[in-house]
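One structure is given here, and the rest of the page talks about it.
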Amino acid sequence: MDAIEKLLAIEEIKKLKARYFRCMDTKDWAGLEAVFTEDLHADFREGSDPPFEGAITDGRRPYIEMLAPILNGIVTVHHGHMPEIHITSPTTATGIWAMEDKLWVKDRSVVPYGFLHGYGHYHETYRCEADGWKIASVRLTRLRIDQE
Amino acid sequence: MDAIEKLLAIEEIKKLKARYFRCMDTKDWAGLEAVFTEDLHADFREGSDPPFEGAITDGRRPYIEMLAPILNGIVTVHHGHMPEIHITSPTTATGIWAMEDKLWVKDRSVVPYGFLHGYGHYHETYRCEADGWKIASVRLTRLRIDQE
Amino acid sequence: MDAIEKLLAIEEIKKLKARYFRCMDTKDWAGLEAVFTEDLHADFREGSDPPFEGAITDGRRPYIEMLAPILNGIVTVHHGHMPEIHITSPTTATGIWAMEDKLWVKDRSVVPYGFLHGYGHYHETYRCEADGWKIASVRLTRLRIDQE
Numbered sequence: 001m002d003a004i005e006k007l008l009a010i011e012e013i014k015k016l017k018a019r020y021f022r023c024m025d026t027k028d029w030a031g032l033e034a035v036f037t038e039d040l041h042a043d044f045r046e047g048s049d050p051p052f053e054g055a056i057t058d059g060r061r062p063y064i065e066m067l068a069p070i071l072n073g074i075v076t077v078h079h080g081h082m083p084e085i086h087i088t089s090p091t092t093a094t095g096i097w098a099m100e101d102k103l104w105v106k107d108r109s110v111v112p113y114g115f116l117h118g119y120g121h122y123h124e125t126y127r128c129e130a131d132g133w134k135i136a137s138v139r140l141t142r143l144r145i146d147q148e
Numbered sequence: 149m150d151a152i153e154k155l156l157a158i159e160e161i162k163k164l165k166a167r168y169f170r171c172m173d174t175k176d177w178a179g180l181e182a183v184f185t186e187d188l189h190a191d192f193r194e195g196s197d198p199p200f201e202g203a204i205t206d207g208r209r210p211y212i213e214m215l216a217p218i219l220n221g222i223v224t225v226h227h228g229h230m231p232e233i234h235i236t237s238p239t240t241a242t243g244i245w246a247m248e249d250k251l252w253v254k255d256r257s258v259v260p261y262g263f264l265h266g267y268g269h270y271h272e273t274y275r276c277e278a279d280g281w282k283i284a285s286v287r288l289t290r291l292r293i294d295q296e
Numbered sequence: 297m298d299a300i301e302k303l304l305a306i307e308e309i310k311k312l313k314a315r316y317f318r319c320m321d322t323k324d325w326a327g328l329e330a331v332f333t334e335d336l337h338a339d340f341r342e343g344s345d346p347p348f349e350g351a352i353t354d355g356r357r358p359y360i361e362m363l364a365p366i367l368n369g370i371v372t373v374h375h376g377h378m379p380e381i382h383i384t385s386p387t388t389a390t391g392i393w394a395m396e397d398k399l400w401v402k403d404r405s406v407v408p409y410g411f412l413h414g415y416g417h418y419h420e421t422y423r424c425e426a427d428g429w430k431i432a433s434v435r436l437t438r439l440r441i442d443q444e
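Protein chains in written order, with the numbering used here: chain A, 1 to 148; chain B, 149 to 296; chain C, 297 to 444.
Spelled out as structure tokens, the structure:
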């Protein structure tokens, strides 16, 4: 890939992650599913405190089927910052994003807190498929979590 | 437009929006006015809670004349995140930005709250004029607003 | 420099600043030192309230030697937003970043607060050295600081 192709890929991956955040927070589950590869590996064990060992899923379908029912009862705001995207081949890339999330829980039966405010980093890999770049794996690490 | 021209336009629009935020929060009203087209359409009805139906303005001059007297008595922090910029022609583009704003009100006679903390998205259009890209329209939607 | 070279330099500087934030918040002091030129000029007088006139350092080594012992006892989250990067020559550039920081202090003997939440802008210069772009100077200005 030449310099322009790399810059284009980086911009596409930034837009991809923007759709991830927007679809998550507006609860557009079909849109959210479309940002992932079919074989998505998602590791959100550090999402809440204490870490939840069960929060590893394989496949975008199982991930959305697990996530959507939980988040439908929660107002969420997820913000991403300061991407470090590295294009490793014409069809693969890695990325680190700083992040902050807030969850205001309406139905406390689904999660063990009424409000969560977290900070950390997403560590991701991307794959370019026929219809564009997708998130192939994501792992969340935390700097701090405040829960009430 | 070729790929490089599109990437350059996207970067210019990101810088334009950065000036929007910086001029707003540092109360540089001449600088803020310069980021808009003369025929700016601004829809901030969802800016506060409940929505304020009067918060639609046409023209950058009326917008600044409405906004500046209000914000001069308020410390504001507006942050933008995760742009999705699409160049639709050599002189037009669209953009969505995630956003968060905080307003600490010194003079409570101008707005019906002492502190506002909001989250949402800007939905914008841009136009490239003789002296560069400008914001031609902006509409704010909200995920959540906390007011005290 | 042509358009592509400028876009590449801008993306490299964005990644450089991303490493600055990530190394700071994960307390990777060797990684943090590597983002600066050896003759770094750092002006963080407005970092806390009231401004601390002593918070000007010259040289990346003295800066890290001052900073690391303080931050080792503090959980920090620093986020950067909305860069305005201008490439001024093949080896020099300027940048403004909106910022927000939170410091949760475990050992109150090192700083005069238990919690700090600040908002402002970094005003920076960059220099391209043999091994890439570095931060040559940084000055922090504030919109607001809340301390407890």
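Glycine residues also receive a C-beta, built at the ideal position from the N, C-alpha and C atoms.
Original post:
Along chain A, which residues have their Cβ under 7 angstroms away from the Cβ of B:I152?
Top reply: I4
Subject >> Near-chain C residues of the stretch 159–173 of chain B (beta-carbon distance less than 8 angstroms), N- to C-terminal order >> reply: E159, K162, K163, K165, A166, R167, F169, R170 and D173
Original post:
For the stretch 162–175 of chain B against the stretch 227–237 of chain B, are there 3 or more C-beta pairs whose distance is under 8 angstroms?
Top reply: yes
Original post:
What does B:W281 touch in chain C if you count any residue whose Cβ is under 7 angstroms from its own?
Top reply: Those within 7 angstroms of B:W281 in chain C number zero; the least Cβ separation is about 14 angstroms.
Original post:
Just curious, the beta strand (DSSP E) that B:T174 is in, first and last residue?
Top reply: Where B:T174 is concerned, there is no enclosing beta strand (DSSP E), although the alpha helix (DSSP H) it sits in stretches over A151 to T174.
**OP:** Would you mind working out which of A:T91, A:H121, A:L103 and A:T141 sits nearest A:K134, comparing C-alpha positions?
**Re:** A:T91
Original post:
Which residue comes first and which comes last in the alpha helix (DSSP H) that contains A:Y63?
Top reply: R60 to L71
Original post:
B:G266 by DSSP, collapsed to three states: which one?
Top reply: Collapsing the DSSP output to three states places B:G266 in a strand.
Original post:
Candidates B:E201, B:G266 and B:Y274: which alpha carbon is nearest B:I244's?
Top reply: Of all alpha-carbon atoms in B:E201, B:G266 and B:Y274, the one lying nearest the alpha-carbon of B:I244 is that of B:Y274.
Subject >> Member of B:G195, B:A182, B:D197 and B:T205 whose CA lies at the smallest distance from the CA of B:H189 >> reply: B:T205
**OP:** Could you tell me which chain C residues have their CB closer than 8 angstroms to the CB of A:E84, listed as they occur along the chain?
**Re:** K311, A314, R315 and R318
**OP:** Using alpha carbons as the reference points, say which of B:S237, B:Y211, B:L291 and B:D279 lies closest to B:S285.
**Re:** B:Y211
Original post:
Rounded to a whole number of angstroms, what is the C-alpha to C-alpha distance between A:G120 and B:G202?
Top reply: 39 angstroms
Subject >> Residue-level contact to chain A via CB, B:L99, 9 angstroms cutoff >> reply: The displayed coordinates of chain B run from 149 to 296. Any statement about residue 99 of chain B would go beyond what the structure contains.
Original post:
Is B:L291 close to chain A, meaning its C-beta is less than 9 angstroms from at least one C-beta of that chain?
Top reply: yes
Subject >> Coil, strand or helix - C:E349 by DSSP >> reply: Look at C:E349 here: in three-state DSSP terms it is coil, with no helix or strand label.
Original post:
Relative to chain B, which residues along the stretch 404–426 of chain C have a C-beta separation below 8 angstroms, given in chain order?
Top reply: Y415 and H417
Subject >> B:A182 to C:R440 span [Cα, whole Å] >> reply: Between B:A182 and C:R440, the C-alpha separation is close to 25 angstroms.
Subject >> Contact list for the stretch 350–380 of chain C against chain B, Cβ threshold 9 angstroms >> reply: With the criterion set as a beta carbon lying under 9 angstroms from some beta carbon of chain B, the members of the stretch 350–380 of chain C are H375, H377, M378, P379 and E380, in sequence order.
**OP:** For the alpha helix (DSSP H) holding B:E181, just list the boundary residues, first then last.
**Re:** Counted as a single uninterrupted DSSP element, the alpha helix (DSSP H) harbouring B:E181 occupies residues W177 to E181.
Subject >> Pairwise C-alpha distance: C:D335 and A:L103 >> reply: 43 angstroms
Original post:
When DSSP builds the beta bridges, which residues end up paired with C:F332?
Top reply: C:I431
Original post:
Shorter than 9 angstroms from the beta carbon of C:A389 to some beta carbon of chain B?
Top reply: So no, C:A389 is outside the interface.
**OP:** Compute the Euclidean distance between the alpha carbons of C:T437 and B:R170, then round it to the nearest angstrom.
**Re:** Those two C-alpha atoms are separated by around 12 angstroms.
Original post:
Which value, in whole angstroms, describes the spacing of the CA atoms of C:I366 and C:P346?
Top reply: 18 angstroms
Original post:
Whose Cβ in chain A lies nearer than 9 angstroms to the Cβ of C:W325?
Top reply: Per Cβ cutoff of 9 angstroms: no residues; C:W325 is ~16 angstroms from chain A at best.
**OP:** Starting from the beta carbon of A:E100, find every residue of chain C whose beta carbon is closer than 8 angstroms, and list them in chain order.
**Re:** Per Cβ cutoff of 8 angstroms: V373 and H375.
Subject >> Residue span of the beta strand (DSSP E) that contains C:A389, given as start and end >> reply: T388 to V401
Subject >> Cα-Cα separation, A:D28 to A:N72 >> reply: The alpha-carbon atoms of A:D28 and A:N72 are separated by roughly 10 angstroms.
Original post:
Between C:G355, C:D442 and C:F332, which lies nearest to C:F411 when the distance is taken from Cα to Cα?
Top reply: C:D442
**OP:** Could you say which of B:Y270, B:E277 and B:D279 lies nearest to B:R287 if we only look at CA atoms?
**Re:** B:Y270
**OP:** Indicate the three-state DSSP secondary structure (helix, strand or coil) for C:G343 in the structure shown.
**Re:** coil
Original post:
DSSP state of B:R256, grouped into three classes?
Top reply: coil
Original post:
Would B:H265 pass as a contact of B:D249 if the rule is Cβ separation under 9 angstroms?
Top reply: yes
**OP:** Given a cut-off of 9 angstroms, decide if A:T37 and A:E129 are closer than it, judged by their beta-carbon atoms.
**Re:** yes
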